[in-house]
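The block underneath contains the structure these notes are about, expressed in structure tokens.
In our numbering, the protein residues as written are 26 to 398.
Now the structure itself:
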């Protein structure tokens, strides 16, 4: 821990939420490369009375996407992939169709920017639903991709934006192009070079894995399979997936890791990409590549790895334009504001509040207020 800064506002947000909306949290704040705040609050396992601890590991859900995307960009730099390659160059049978029956070309770039026409609507109607990475599956990655290919495209690739299963398909592309499994690729190209020993597709130390909880007052411990309400729909969780090595590696939602490891990764990106990427690749991550195709909420765009706040004022956010952000449905959010040198990692074990609820937004605003930014 570096210099002392009073984060009384952040502490107040955490104190209000813990035990009510959030079971446990690990929050890290780095300013210009210096760790200025860490708050461990609540329980790693409430029923066992185990408090949240340093280097607790969590089911990451979509926090997996940035690391898999950076691994893909490292493969581009190595000449293994090209962003304008059609997916069919690697997966010849992957030909999802529009409503009129046409199977348009989808590129690697469109998978990464979520402009492919794929979505997270996995109801195929034929009883062979693909897995979105958090739910149950008893089939391999190739079968999951084959099932995704049967889903209708929501729009012609490149003409819209919709958060999607694209990174799961990307994982299959990467395996073909690199002739290794996705876990091997991510370890070689991302987690290994950064010594992110807590982060993999299976828990490095199962005893340190946080118990998962579902929204409630107070939150309820999840069973092996759980449906948790998210807006008008539900998210399906298979918590046992973390321990099942026969489960396919989901590039979109399948990784396990710690908040401390993610901070290392984000700081490497904020500082210019080394040792994973050269500066020449960073514009693919730091600029929105979905201009005029903005996802809701407005004011944001999407790069080849995460969301970009193009106009934070639209959402009344205190950050500077160009801030990066994303999260994971198991209960996480993170932010990088390059203009102020600020990186915030908020990990919780409570879905869905810790990702899409008020908690991470309140933490975010409190950090800026405490820093006077």
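Idealized CB from N, CA, C, for every residue including glycine.
C-beta contact flag for residue i and residue j at 8 angstroms
i: residue 295; j: residue 194; result: no
i: residue 192; j: residue 90; result: yes
i: residue 103; j: residue 353; result: no
i: residue 120; j: residue 174; result: yes
i: residue 92; j: residue 290; result: yes
i: residue 244; j: residue 39; result: no
i: residue 69; j: residue 236; result: yes
i: residue 327; j: residue 350; result: no
i: residue 167; j: residue 196; result: no
i: residue 52; j: residue 71; result: no
i: residue 332; j: residue 325; result: yes
i: residue 224; j: residue 213; result: no
i: residue 345; j: residue 365; result: yes
i: residue 247; j: residue 96; result: no
i: residue 285; j: residue 55; result: no
Alpha-carbon spacing of residue i relative to residue j, whole angstroms
i: residue 302; j: residue 99; result: 6 angstroms
i: residue 107; j: residue 41; result: 48 angstroms
i: residue 123; j: residue 380; result: 32 angstroms
i: residue 300; j: residue 219; result: 8 angstroms
i: residue 180; j: residue 315; result: 14 angstroms
i: residue 231; j: residue 84; result: 11 angstroms
i: residue 112; j: residue 156; result: 19 angstroms
i: residue 133; j: residue 46; result: 39 angstroms
i: residue 31; j: residue 398; result: 14 angstroms
i: residue 176; j: residue 118; result: 13 angstroms
For residue j and residue i, believed in contact at Cβ under 8 angstroms, the rounded distance
i: residue 233; j: residue 81; result: 6 angstroms
i: residue 178; j: residue 142; result: 3 angstroms
i: residue 137; j: residue 189; result: In fact, because the Cβ distance is near 10 angstroms, the residues do not count as touching under 8 angstroms.
i: residue 278; j: residue 162; result: Not quite, the Cβ-Cβ distance comes to about 11 angstroms (not below 8 angstroms), so this is no contact.
i: residue 78; j: residue 67; result: Between residue 67 and residue 78 the Cβ distance is about 11 angstroms, and since that is not below 8 angstroms, they are no contact.
i: residue 370; j: residue 288; result: 5 angstroms
i: residue 182; j: residue 140; result: 6 angstroms
i: residue 226; j: residue 280; result: 6 angstroms
i: residue 160; j: residue 394; result: Rounded, the Cβ-Cβ distance is 38 angstroms, inconsistent with contact.
In DSSP terms, what residue i is bridged to
i: residue 169; result: Per DSSP, none; premise fails for residue 169.
i: residue 56; result: 59, 367
i: residue 49; result: 67
i: residue 145; result: Answer is none; residue 145 lacks a bridge partner.
Cutoff 8 angstroms: residue i Cβ touching any chain B Cβ
i: residue 174; result: Reference to chain B is not applicable here, since this structure consists of a single protein chain.
| Segments assigned alpha helix (DSSP H), at least 4 residues, entirely inside the segment 200 to 281 | 207 to 211
| Counting only runs that start and end within the segment 286 to 338, where is the beta strand (DSSP E) found for 3 or more residues in a row? | 325 to 327, 332 to 334
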